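**Q** Take this structure, written in structure tokens, and hold onto it; I'll ask about it next.
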Amino acid sequence: MNTRIRRVRAVFCQAADEPAVVTSLQLFRKRLFVDHLGWALHTRDGREIDEFDRPDTRYCALYADDLLVGGFRAIRTDQQYVAQSVFPQLATIREYPRRRDVWEISRFGILPDRASEQLARFNYGLMFQFGQARQASALVAVADLVYERYLRAIGIRTRRYGPPQVVGTDRFGRDLVCVAGEIPLGDQRGHRVAALLALANSIEVYDATLVRRSTAISA
Numbered sequence: 154m155n156t157r158i159r160r161v162r163a164v165f166c167q168a169a170d171e172p173a174v175v176t177s178l179q180l181f182r183k184r185l186f187v188d189h190l191g192w193a194l195h196t197r198d199g200r201e202i203d204e205f206d207r208p209d210t211r212y213c214a215l216y217a218d219d220l221l222v223g224g225f226r227a228i229r230t231d232q233q234y235v236a237q238s239v240f241p242q243l244a245t246i247r248e249y250p251r252r253r254d255v256w257e258i259s260r261f262g263i264l265p266d267r268a269s270e271q272l273a274r275f276n277y278g279l280m281f282q283f284g285q286a287r288q289a290s291a292l293v294a295v296a297d298l299v300y301e302r303y304l305r306a307i308g309i310r311t312r313r314y315g316p317p318q319v320v321g322t323d324r325f326g327r328d329l330v331c332v333a334g335e336i337p338l339g340d341q342r343g344h345r346v347a348a349l350l351a352l353a354n355s356i357e358v359y360d361a362t363l364v365r366r367s368t369a370i371s372a
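All residue numbers in the sequence shown are consecutive under the working numbering, ending with 372.
Given below as structure tokens:
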């Protein structure tokens, strides 16, 4: 299969800004996290949706050649968020933050088998861009160990809130082993992180959540 991508773009929004984009992301999340990965998540009308899909929630949608291929959800940690509310048992070394300058990233994923490695780097770059634009000090997440190892492999420094634990099983009967932690943005150094940000800055980005004009940079 030809995986050459001619155009990559991204949209940052809230549900009130771009309801069709958010609906498309929830349909995408159902296909990726429920159908493909087998997570036991709530679905409605073909969408993966939960109590954290609120008016104040931010979303990132990543497109390749106008196909939605990935994205993530972001919630400020002075509000109720997934890790603190659903997985309190994972924070055994450090407490979960409750701060305006710390954001949780959840439902982070990329469509499999379509230049996944390349697009994953765009998604990570957009995550850093999101945090940087909001002057965030850290990004919080609950992640499996494969995700954590990948972050370290590409040069992203992480800090755990506790050791990994089994948090359930998927529909295939496999244990789900997860760890909670954060990416301290002030601790990120080196050319690999700079390269991720450069990737995000090289594509067309429409940000409806900031009081500024969107940017369109030729890739």
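The beta carbon of each residue, even a glycine, is placed where N, CA and C say it ideally should be.
Bear in mind the structure is a predicted one, so any value in this text is a computation, not a measurement.
When the distance is taken between beta carbons, is V161 closer than 8 Å to A214?
**A** Taking the first residue of the sequence shown as 1, we reach residue 214 at position 61. Taking the first residue of the sequence shown as 1, we reach residue 161 at position 8. No; because the gap between Cβ atoms is not below 8 Å, this pair is not in contact.
**Q** If we ignore side chains and look at the alpha-carbon of each, how far apart do L243 and Q318 end up?
**A** Your numbering for residue 243 matches position 90 in the sequence shown. Your numbering for residue 318 matches position 165 in the sequence shown. Near 7 Å, if we compare the C-alpha coordinates of Q318 and L243.
**Q** For L363, collect the residues of the same chain with a Cβ closer than 6 Å to its Cβ; drop the 5 residues on either side in sequence, then sort them by chain order.
**A** Indexing the sequence shown from 1 puts residue 363 at position 210. Cβ within range, chain order: n/a, list empty.
**Q** Is D206 helix, strand or coil when you go by DSSP?
**A** Walking along the sequence shown from the start, residue 206 turns up at place 53. Residue state, collapsed to three classes: coil.
**Q** Among all the DSSP beta bridges, which residues are the ones paired with P337?
**A** Taking the first residue of the sequence shown as position 1, residue 337 is located at position 184. In the DSSP output, where bridge partners are listed per residue, P337 has A291.
**Q** Kindly indicate which three-state DSSP category Y300 falls into: helix, strand or coil?
**A** Looking up residue 300 in the sequence shown gives position 147. Three-state result, Y300: helix.
**Q** I'd like to confirm the pairing. Which residues does DSSP put opposite I228 in its beta bridges?
**A** Locating residue 228 in the sequence shown gives position 75, counting from the first residue. E257.
**Q** F165 by DSSP, collapsed to three states: which one?
**A** On the sequence shown, position 12 is the one that residue 165 refers to. Three-state DSSP puts F165 in a strand.
**Q** Give the secondary structure of I360 by DSSP, where H, G and I count as helix, E and B as strand, and everything else as coil.
**A** Residue numbering aside, residue 360 sits at position 207 when the sequence shown is read from its first letter. In the sequence as displayed, the identity of residue 360 is Asp instead of Ile. Looking at D360 - three-state DSSP - the assignment turns out to be strand.
**Q** With a threshold of 7 Å on Cβ separation, who are the neighbours of R252 within its own chain once the five nearest residues in sequence on each side are excluded?
**A** Here residue 252 corresponds to residue number 99 of the sequence shown, with the count starting at 1. T230, D231, listed in sequence order.
**Q** So, does the region 177 to 191 touch the region 298 to 308, judging by three or more C-beta pairs under 8 Å?
**A** Touching, no.
**Q** Could you round the C-beta distance between R274 and L349 to whole angstroms and report it? I think they count as a contact, below 8 Å.
**A** One-based indexing of the sequence shown puts residue 274 at position 121. One-based indexing of the sequence shown puts residue 349 at position 196. Sure, about 6 Å apart at Cβ, within 8 Å.
**Q** How is T176 classed by DSSP in three states: helix, strand or coil?
**A** Position 23 of the sequence shown, counting from 1, holds the residue named residue 176. If DSSP states are grouped into helix, strand and coil, T176 belongs with the helices.
**Q** Using 10 angstroms around the beta-carbon of P265, count the other beta-carbons present and answer buried if the total reaches 16, otherwise exposed.
**A** Looking up residue 265 in the sequence shown gives position 112. The residue is exposed, with fewer than 16 neighbouring Cβ atoms inside 10 Å.
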